[in-house]
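The letter at position 167 of the sequence shown is residue 187 when you use the numbering used here, and the numbering goes up by one with no holes.
Ideal placement from N, C-alpha and C gives every residue a C-beta, glycine not left out.
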Amino acid sequence: MVSATDLIFAVLFVGVLYIIAGPLAFIPLVMLPIMIAVGLTMQRPLDRAMKRLQADHGLTYIVISHDLAVVKYMADRIGVMYLGRVVELAGTESLVADPAHPYSAALIAAIPEADPDITRSKRRVELRSAEIPSLLRLPSGCTFHPRCPLFEAGLCDVKVPELLPIPGAREVACHVAVRERTSERAAAMA
Numbered sequence: 021m022v023s024a025t026d027l028i029f030a031v032l033f034v035g036v037l038y039i040i041a042g043p044l045a046f047i048p049l050v051m052l053p054i055m056i057a058v059g060l061t062m063q064r065p066l067d068r069a070m071k072r073l074q075a076d077h078g079l080t081y082i083v084i085s086h087d088l089a090v091v092k093y094m095a096d097r098i099g100v101m102y103l104g105r106v107v108e109l110a111g112t113e114s115l116v117a118d119p120a121h122p123y124s125a126a127l128i129a130a131i132p133e134a135d136p137d138i139t140r141s142k143r144r145v146e147l148r149s150a151e152i153p154s155l156l157r158l159p160s161g162c163t164f165h166p167r168c169p170l171f172e173a174g175l176c177d178v179k180v181p182e183l184l185p186i187p188g189a190r191e192v193a194c195h196v197a198v199r200e201r202t203s204e205r206a207a208a209m210a
């Protein structure tokens, strides 16, 4: 945990950089390590300050985080990665409302909600395994297949899925999701 003195210094340092440098893109990169170190009490004001800087100066952020609640708040588009590969790219609202990749769905389902009614109504994702494969020995085919609830033997464990466009201005790397989403679109158009 970061001390109050360190936090004040860091915020002042970022403020001084901002005054000297103006609205340059590297300023958010200085703030991201600070955001990681602070507790929830300071997290939201920093998030709001970054959103204000973004709106006022047209900044673009690349937020790399396991905290999807922050990513959901900060991002217009989200890229979900699993074991070093992008498995889904979509607009934030679209991805949160209807994730196409099963890993994205599991991440969205795991976001804690303050409202117990929302928590009870959230879609649950049952993974086949909780064990994460080693980066030193990645599974064949889709690296998510040992955990995937949509797993199809002979396909998912053999062929690496490509990141392909699906309806809704998004891309997904999942054999089953691509097939289902494109067939749904075809059926709707028929």
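- By the neighbour-count definition (other C-beta atoms within 10 Å, threshold 16), Ser124 is a buried residue.
- Taking a C-beta distance under 9 Å as the contact criterion, Met70 and Met94 qualify as a contact pair.
- Counting only the Cα atoms, Arg72 lies some 44 Å from Lys179.
- In this structure, DSSP gives Val196 a helical state, which the three-state scheme calls helix.
- The shortest CA-to-CA distance from Ser154 to any of Phe164, Val145 and Glu146 is the one to Phe164.
- For Tyr102, the uninterrupted beta strand (DSSP E) run begins and ends at Arg97 to Tyr102, by DSSP.
- Here Glu172 is not bridged, per DSSP, to any residue.
- Setting aside the 5 residues that flank it on each side, Phe171 is surrounded in the same chain by His165, each with a C-beta closer than 6 Å to its C-beta; the list follows chain order.
- When the alpha-carbon of Pro187 is set against those of Pro119, Ala126 and Asp135, the nearest one is in Pro119.
- Taken through DSSP and simplified to helix, strand or coil, Leu147 comes out as coil.
- Glu108 and Leu115 have their C-alpha atoms spaced approximately 9 Å apart.
- DSSP, read as helix, strand or coil, puts Glu113 in helix.
- Under DSSP, Val106 forms a beta bridge with Met101.
- Collapsing the DSSP output to three states places Glu133 in coil.
- Going by C-alpha positions, Ala173 is about 19 Å away from Val192.
- Here the C-alpha atom of Pro169 lies approximately 21 Å from the C-alpha atom of Pro185.
- Note on geometry: alpha-carbon atoms of Arg157 and Leu103 lie some 11 Å from one another.
- Ranked by how close their Cα comes to the Cα of Cys176, the residues Arg190, Ser203 and Ala197 have Ala197 in first place.
- In the structure shown, Leu79 adopts coil according to DSSP, grouped into three states.
- As far as DSSP is concerned, Pro181 takes part in no beta bridge.
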